[in-house]
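Reviewing the structure listed below.
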Amino acid sequence: MATNAPPVASDVGYLLDRLTISDLLISFAHAIDTKNWTAYEDLLAEDGIVEIPVKLPDGSYLRHVGREGTADWVAGNSEKPGLSQFAATHHMSTNHQVNIEGDSASTHSYTHCIHRLSDNPGEVWEVGGWYTCDLRRVGDRDWKFAKVHFDIVWEHGKPVWAKH
C-alpha cells in the first residue's frame, strides 16, 4: 500500500478540473458547428490567442489576439474568410490529453473537421489535425483558453475561398 498517495480530495479536484477542461474543448467545437460566435469568444481568456494555420490569399495565417473581436474574426466577412462562409461544419474533438499544474493547464487533442461548401452534402473540405491549447483557471472551477493552436495534419478538398 502506497503511503505517499495524495489525499482523495485532491484526486477528486483533479478529476473535476480534467472534466471541465475536456468539456471546454467540446464546447469549442460545438460553438463552431452551431455558429454561436459569442459562445466561442466566451471560451477565451481576456488576452487569449487563437492560431489557425489556414493560409490566406496573401500568404499569411489566421491569428487573433484578445477575446474582444474574436466572434467577428472567426465568423469572417466579405473581406476576410471565416467559418460563417460554410453551409455547415462538423468538428469532432477526441483523444483529450490534459496536463494540469496548479492554475494552468495544457491540452493536446485530435480533431476531424468537415466543412460543407454548399447545400450539396458531398461538396466538402475536410481537415484533420490536432489542437494544442494552454488554459488558465478563472475562479474556483472555471477554465478559459489562454492559447488555442491548430495544426493541420491532412486535408481533402479546398476551402470555399480557394474554390474560385
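First residue of the sequence shown: 1, per full-length UniProt numbering; consecutive thereafter. Just so you know, even glycine gets a beta-carbon here, dropped at the ideal spot from N, CA and C. For clarity, every value in this text was computed on a predicted model and none was experimentally measured.
Asked                                                                                              : Found
Contacting residues, own chain, Cβ-Cβ under 6 Å from Val50 (five flanking each side not counted)   : His64 and Val148
Reduced DSSP category for Leu117 - H, G, I as helix; E, B as strand; rest coil                     : coil
Helix, strand or coil at Gly66 according to DSSP, with G and I counted as helix                    : coil
Cutoff 7 Å; reference Trp154; Cβ partners in own chain excluding five residues on either side      : Gly128
Beta-bridge pairing of Asn99 - partner residues as DSSP gives them                                 : Ser106
Residue environment, Gly48, which counts as buried when at least 16 other CB atoms sit within 10 Å : buried
The stretch 136-151 / the stretch 12-20 touching (three or more Cβ pairs under 8 Å)                : yes
Helix, strand or coil at Val134 [DSSP, three-state]                                                : The displayed chain sequence assigns Asp, not Val, to residue 134. Asp134: strand per DSSP, three-state reduction.
For Gly13, the three-state DSSP class (helix, strand or coil)                                      : helix
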